[in-house]
Ligand code: MG
């Protein structure tokens with residue numbers, strides 16, 4: 037079998053919200069289709085995926101570099117060992133030809149979208165859900181249902197505390213049992229009032245995480261850590277710049293509850309540096325790398341291996357994302373759990389309607405591939421791309 041075409045479309049995110057650093061209103065996502073020469077029911081078997089939320093579509097990089105390189109590779113050089121599918125890591129290496137090391141920016145998202153579409157293609161060719169293929173390849177005994185938490189807790193221009201409480205209550209009514217809210221978009225004293233307001237609804241502080249989205253310098257990160265110490269929160273996420281490992285290590289020295297970071301690290305080398313220099317505590321702090329932003333699942337599996345080699349558990353990994361692809365990967369690799377963004381970041385954010393929440397967990401289902409076609413808002417974009 038061989039790849040006959042790779043297509044990309046830039047899809048706008050429906051997200052009129054902002055965190056302490058960015059507005060998502062003009063964000064886009066690259067939706068990618070990898071078309072094979074295998075015909076079933078009169079149509080080519082096609083893998084579909086996207087790069088993740090919170091960045092931008094990478095249409096230019098894909099059209100000018102990564103798609104032409106993949107299509108120029110000798111088809112036999114891309115086949116997996118059995119010859120029935122494409123080897124995702126070989127595809128990654130073909131796309132990365134003539135790319136210098138380091139500087140893992142937007143190209144990591146572009147390559148991720150194609151690499152993940154190849155996982156979707158392989159799963160469809162094998163007639164199995166992506167989580168099952170991923171679990172088989174990585175020798176993981178997958179549990180079908182994995183914990184998810186509702187990420188939100190946004191800032192509102194009017195009645196901010198009231199609307200924050202309403203938002204948390206709405207997540208609880210949907211069945212979520214753990215939650216995350218934004219901090220860093222207001223002065224410290226006001227943020228503490230926001231946390232107190234959220235806790236009046238959530239109840240248990242061990243079910244509430246906070247996310248500063250990389251906003252703080254070291255003194256501010258530590259001041260927040262001291263102010264929040266008494267709450268006993270679930271975790272304190274991305275206090276400072278994603279590449280400021282010394283900040284993480286300094287904070288880990290004074291803040292006892294779990295810290296979390298990694299959603300803006302896109303390569304194995306960046307994660308190696310977090311492991312070496314970030315002071316991340318074994319069995320305690322959380323890693324949040326997102327395979328759909330960091331070159332795809334092949335590179336992500338290398339990050340997981342590096343974590344485990346250094347003594348961390350894969351249960352400490354809660355990938356950023358909140359979409360079907362992340363959920364399949366969390367299940368397939370047996371990670372700690374997945375994010376969910378109820379009601380925002382459509383059409384790529386969120387889960388298919390029949391992926392129902394039970395006991396704080398969601399199962400990705402049994403459809404072949406990542407099941408993106410089962411999500412009605414996304415299915416229309418997929419249909420247009422593969423038509
Ligand atoms: Mg975050």
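In our numbering, the protein residues as written are 37 to 423.
Quick reminder that beta carbons are idealized off the backbone N, C-alpha and C, glycines included.
Just so it is clear, the structure is predicted and the values come from calculations on it, not from any experiment.
Practice prompt. May I ask you to check if the CB of residue 413 is nearer than 7 Å to at least one heavy atom of ligand 1?
Written response: The nearest non-hydrogen atom of ligand 1 is 7 Å or more from the C-beta of residue 413.
Item to complete: Please confirm whether any heavy atom of ligand 1 lies closer than 7 Å to the CB of residue 249.
Response: Yes, Cβ of residue 249 sits closer than 7 Å to a heavy atom of ligand 1.
Worksheet item: So is residue 297 buried or exposed if we call it buried at 16+ other beta carbons inside 10 Å?
Response: Of the residues assessed, residue 297 falls on the buried side of the cut-off, its CB having 16 or more other CB atoms within 10 angstroms.
Worksheet item: Would a C-beta distance cut-off of 8 Å place residue 50 and residue 66 closer than the cut-off?
Response: Taking 8 Å as the cut-off, the Cβ atoms of residue 50 and residue 66 do not count as close.
Worksheet item: If you measure from the CB of residue 63, is any heavy atom of ligand 1 nearer than 7 Å?
Response: Remark: the shortest separation between the CB of residue 63 and any heavy atom of ligand 1 does not fall under 7 Å.
Worksheet item: Under a Cβ-count criterion, where at least 16 other Cβ atoms within 10 Å of its own Cβ denotes burial, should residue 153 be classed as buried or exposed?
Response: Here residue 153 is buried. Its C-beta has 16 or more other C-beta atoms within 10 Å.
Fill in: Residue range of the unbroken beta strand (DSSP E) whose run includes residue 43
Unbroken beta strand (DSSP E) run through residue 43: 39–48.
Worksheet item: Alpha carbon to alpha carbon, how far is residue 167 from residue 189?
Response: The straight-line gap from Cα to Cα measures roughly 30 Å.
Item to complete: Taking the CB atoms as reference points, tell me whether residue 42 and residue 176 lie closer together than 8 Å.
Response: It is not a contact, given that the beta carbons lie outside the stated cut-off.
Discussion item. Given a cut-off of 8 Å on the beta-carbon distance, is the pair residue 333 and residue 355 in contact?
Written reply: In this structure, residue 355 does not lie closer than 8 Å to residue 333 by Cβ.
Discussion item. According to DSSP, simplified to helix, strand and coil, what is residue 274?
Written reply: When secondary structure is reduced to three states using DSSP, residue 274 falls in the coil class, being assigned neither helix nor strand.
Discussion item. My output table needs one value for residue 215: the three-state DSSP class, helix, strand or coil.
Written reply: Strand, per DSSP.
Practice prompt. Could you name the residues that DSSP lists as bridge partners for residue 252?
Written response: Beta-bridge pairing by DSSP links residue 252 to 276.
Worksheet item: Mapping DSSP to helix, strand and coil, what is residue 72?
Response: DSSP places residue 72 in strand when its eight states are reduced to three.
Worksheet entry | Through-space distance from residue 158 to residue 262, alpha-carbon basis | Going by C-alpha positions, residue 262 is about 49 Å away from residue 158.
Worksheet item: For ligand 1, any of its heavy atoms closer than 7 Å to the Cβ of residue 356?
Response: Correct: residue 356 has its Cβ closer than 7 Å to ligand 1.
Worksheet item: Under a Cβ-count criterion, where at least 16 other Cβ atoms within 10 Å of its own Cβ denotes burial, should residue 210 be classed as buried or exposed?
Response: Burial call: exposed.
Worksheet entry | Spatially closest choice to residue 142 from 402, 329, 375 and 170, by CA coordinates | The shortest Cα separation from residue 142 among 402, 329, 375 and 170 belongs to 329.
Worksheet item: Starting from residue 105 and walking both ways along the alpha helix (DSSP H), at which residues does that stretch end?
Response: Counting along the chain, the alpha helix (DSSP H) containing residue 105 begins and ends at 103–108.
Item to complete: Measure the C-alpha to C-alpha separation of residue 129 and residue 291 and round it to an integer number of angstroms.
Response: Between residue 129 and residue 291, the C-alpha separation is close to 41 Å.
Discussion item. Short of 7 Å in beta carbon distance, which residues of its chain neighbour residue 349, apart from the five on each side in sequence? Order them along the chain.
Written reply: Counting only residues of its own chain and dropping the five nearest sequence neighbours on each side, residue 349 has a CB closer than 7 Å to the CB of 319.
Worksheet item: Is residue 111 buried or exposed, if buried means 16 or more other CB atoms sit within 10 Å of its CB?
Response: So residue 111 counts as exposed.
Discussion item. Does residue 416 pass the burial test, meaning 16 or more other C-beta atoms within 10 Å, or should it be called exposed?
Written reply: Residue environment: residue 416 is assigned as exposed (fewer than 16 neighbouring CB atoms within 10 Å of its CB, all protein chains considered).
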